[in-house]
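Report on the structure given below.
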DNA sequence: GGAATTCTTTGCGAAATGGTACAAAAAAGG
DNA sequence: CCTTTTTTGTACCATTTCGCAAAGAATTCC
């Protein structure tokens with residue numbers, strides 16, 4: 261007995277080290293594949309995206325897709341989760357920051373426009389809004405996710421306005437919940453209009469006007 | 261020669277009289293068939309609606325559908341035109357009426373909610389918004405129609421606010437164009453949320469808040 | 001090296017899809 | 001009654017769609 265069998269390396273919490281899986285190694289990275297799937301779904305929507313399209317975009321053939329993510333609907337749901345997670349990190353800092361309310365709103369909408377207008381073949385809009393318009397009607401699970409998405413945005417905006425009110429940036433008479441609904445409505449209208457290829461300039465005009473009404477006129 | 265061949269009946273302008281067409285008579289009424297097609301497209305969207313579905317709903321078989329309306333895309337476009345025409349007549353009176361601005365907005369949103377929440381199997385939302393989210397991205401013709409729809413609504417709202425301003429219901433400092441964009445944004449947000457089955461009560465809360473901001477706070 | 005495991009590849013198949021060809025049917029014209 | 005015109009009904013075609021089964025390849029475990 262020369263030496264005890266080499267112990268498996270102590271798994272560090274944040275180790276990106278491949279954990280020595282057992283069989284044939286994957287030919288794809290689940291993360292990037294899911295990203296490609298999300299891109300496609302955002303571009304064409306659920307119904308108009310075929311498994312062949314998804315297969316081509318991810319580089320995985322259909323059985324692999326199926327094995328990794330389940331059927332088309334499950335893949336769509338996982339793509340949506342990914343979108344929400346991405347959006348959360350993109351927005352999170354700004355929502356949490358302690359900037360003046362006006363500055364904060366400006367940054368939020370700027371990031372939103374970046375997200376909605378990105379896309380090589382046309383602006384991709386807001387996936388939550390797109391999904392609400394299509395799949396959410398007939399699929400209860402998807403509907404629940406979309407509703408949670410709306411609610412989360414409403415809450416985040418409301419927290420912003422409440423904080424601003426506490427800091428005296430808004431009059432005591434202002435209603436944070438109401439303002440939040442207006443802020444969300446502005447998000448929704450630019451998301452939709454972006455999808456119809458309204459140019460960024462016009463969307464920014466809408467945003468600036470809305471900000472003016474929300475924090476300018478009320479001050 | 262007893263009598264000159266009976267002249268074709270003088271065509272009264274609004275005569276619903278069948279004009280004695282030449283061949284086999286139609287087994288459907290184009291108007292109602294188009295209405296059924298519109299219902300389907302609003303429920304499921306373009307991609308998820310098959311010609312079989314359309315055939316079943318209209319009672320026309322596919323060749324007849326094709327002959328009457330052209331291919332699926334043309335049928336979709338004609339359905340959309342029909343939707344816009346219907347919406348115009350439903351909204352037209354209210355927009356033209358000389359009611360106090362607040363009353364007017366209340367009525368407009370009430371009618372909008374009726375349109376968006378109707379539908380036997382779930383609320384059908386706003387067809388313009390739905391189409392903007394899906395087909396408008398890749399189809400220039402459809403995109404043009406959607407953009408015109410947005411613009412028309414913006415203009416109608418702006419005219420409302422301008423008129424209210426002239427009548428002294430709004431301060432001279434108010435910006436009708438800006439207010440119109442807010443009013444449209446409110447339309448868009450309730451259209452989307454309706455589609456996600458947010459109950460009417462909540463949508464009315466959003467509407468009331470928006471009206472308050474637009475004409476209440478500004479007064 | 002052989003067994004076990006995990007993923008990939010090929011290919012199939014049953015169903016659905018958009019669109020059309022063609023004959024039969026129903027009406028008017030003569 | 002025969003022709004012409006227009007619409008219907010049936011049947012079909014080529015393609016696409018989703019999903020899966022079965023065999024092959026790459027890797028670890030013993």
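Residue numbers (my numbering), protein chains in the order written: chain R, 261 to 479; chain C, 261 to 479. Ideal Cβ placement from N, Cα and C applies to all residues, glycine included.
What residues of chain C sit near residue i, judged by a beta carbon separation below 7 Å?
i	result
residue 354(R)	Chain C residues near residue 354(R): none, gap ~21 Å exceeds 7 Å.
residue 430(R)	Correct list: empty, because the minimum Cβ distance to chain C is about 12 Å.
residue 466(R)	441
Mapping the DSSP letters down to three states, classify residue i as helix, strand or coil.
i	result
residue 321(C)	coil
residue 386(R)	coil
residue 304(R)	helix
residue 374(C)	helix
residue 338(C)	helix
residue 312(R)	helix
residue 357(C)	coil
residue 204(C)	Outside the shown range of chain C (261 to 479) lies residue 204(C), about which nothing can therefore be said.
residue 295(C)	helix
residue 398(C)	coil
residue 280(C)	coil
residue 381(C)	coil
residue 349(C)	helix
residue 458(R)	coil
residue 262(R)	Reliability fails at residue 262(R), whose pLDDT of 40 lies under 50, so the model's placement of it is uncertain and no value is given.
residue 408(C)	helix
residue 222(R)	In this structure chain R extends from 261 to 479, so residue 222(R) is not present and cannot be described.
residue 435(R)	coil
residue 331(R)	coil
residue 269(R)	Caution applies to residue 269(R), whose pLDDT of 43 falls short of 50 and renders its modelled position unreliable; the value that the coordinates give is listed next. Coil at residue 269(R), not helix or strand.
residue 362(C)	helix
According to the Cβ coordinates, are residue i and residue j closer than 8 Å?
i	j	result
residue 449(C)	residue 394(R)	no
residue 338(R)	residue 300(R)	no
residue 290(C)	residue 328(C)	yes
residue 287(R)	residue 314(R)	no
residue 442(R)	residue 411(R)	no
residue 407(C)	residue 421(C)	no
residue 456(C)	residue 347(R)	no
residue 454(R)	residue 409(R)	no
residue 362(R)	residue 354(R)	no
residue 311(R)	residue 318(R)	no
residue 252(C)	residue 425(C)	Chain C is shown from 261 up to 479; residue 252(C) falls before or after that span and cannot be answered.
Please return the same chain residues whose Cβ sits closer than 7 Å to the Cβ of residue i, not counting the five positions on each side in sequence.
i	result
residue 389(C)	448, 451, 452
residue 463(C)	373, 450, 453, 454
residue 360(R)	429
residue 461(R)	none
residue 306(R)	336, 394, 395
residue 351(C)	368, 371
residue 387(R)	302, 340, 343
residue 322(R)	311, 315
Can you list the residues of chain R that residue i reaches, using a CB-CB cut of under 8 Å?
i	result
residue 449(C)	441, 444, 445, 448, 449
residue 336(C)	Within chain R, no residue comes near residue 336(C); the closest Cβ sits about 13 Å away, beyond 8 Å.
List the residues of chain C that residue i touches, going by C-beta distances under 8 Å, in chain order.
i	result
residue 455(R)	392, 393, 396, 397
residue 403(R)	456, 457
residue 476(R)	Within chain C, no residue comes near residue 476(R); the closest Cβ sits about 11 Å away, beyond 8 Å.
Excluding the five sequence neighbours on either side, which residues of its own chain have a C-beta within less than 6 Å of the C-beta of residue i, listed in chain order?
i	result
residue 403(R)	396
residue 369(C)	467
residue 446(R)	470
What in chain R is Cβ-close to residue i, meaning under 7 Å?
i	result
residue 389(C)	393, 452
residue 308(C)	307
residue 327(C)	Within chain R, no residue comes near residue 327(C); the closest Cβ sits about 26 Å away, beyond 7 Å.
residue 295(C)	Neighbours of residue 295(C) on chain R: none; closest Cβ ~20 Å, over 7 Å.
residue 385(C)	393
Counting only the same chain and skipping the five closest in sequence on each side, list residues whose C-beta sits under 8 Å from that of residue i.
i	result
residue 418(C)	436, 437, 439, 440
residue 274(C)	Unreliable placement is indicated for residue 274(C), whose pLDDT of 46 sits below 50; the coordinate value is still reported in the next sentence. Nothing listed; no residue qualifies.
Could you tell me if the beta carbon of residue i falls within a distance shorter than 7 Å of some heavy atom in the ligand HEM?
i	result
residue 443(C)	Looking for the ligand HEM in the displayed structure turns up nothing, as the structure carries no ligands at all.
Strictly below 9 Å CB to CB, what residues from chain C border residue i?
i	result
residue 330(R)	Those do not exist, as residue 330(R) stays about 20 Å from chain C at its closest Cβ, beyond 9 Å.
residue 470(R)	438, 441, 442, 445
residue 407(R)	453, 456, 457, 458
residue 417(R)	In chain order: nothing, as chain C lies at least about 12 Å away.
residue 382(R)	397, 398
residue 421(R)	Ordered by position in chain C, no residue passes the 9 Å Cβ test against residue 421(R), which lies about 13 Å from the chain.
Using a cut-off of 9 Å between C-beta atoms, extract the partners of residue i located in chain R.
i	result
residue 301(C)	The contacting residues do not exist; residue 301(C) stays about 12 Å from chain R at best.
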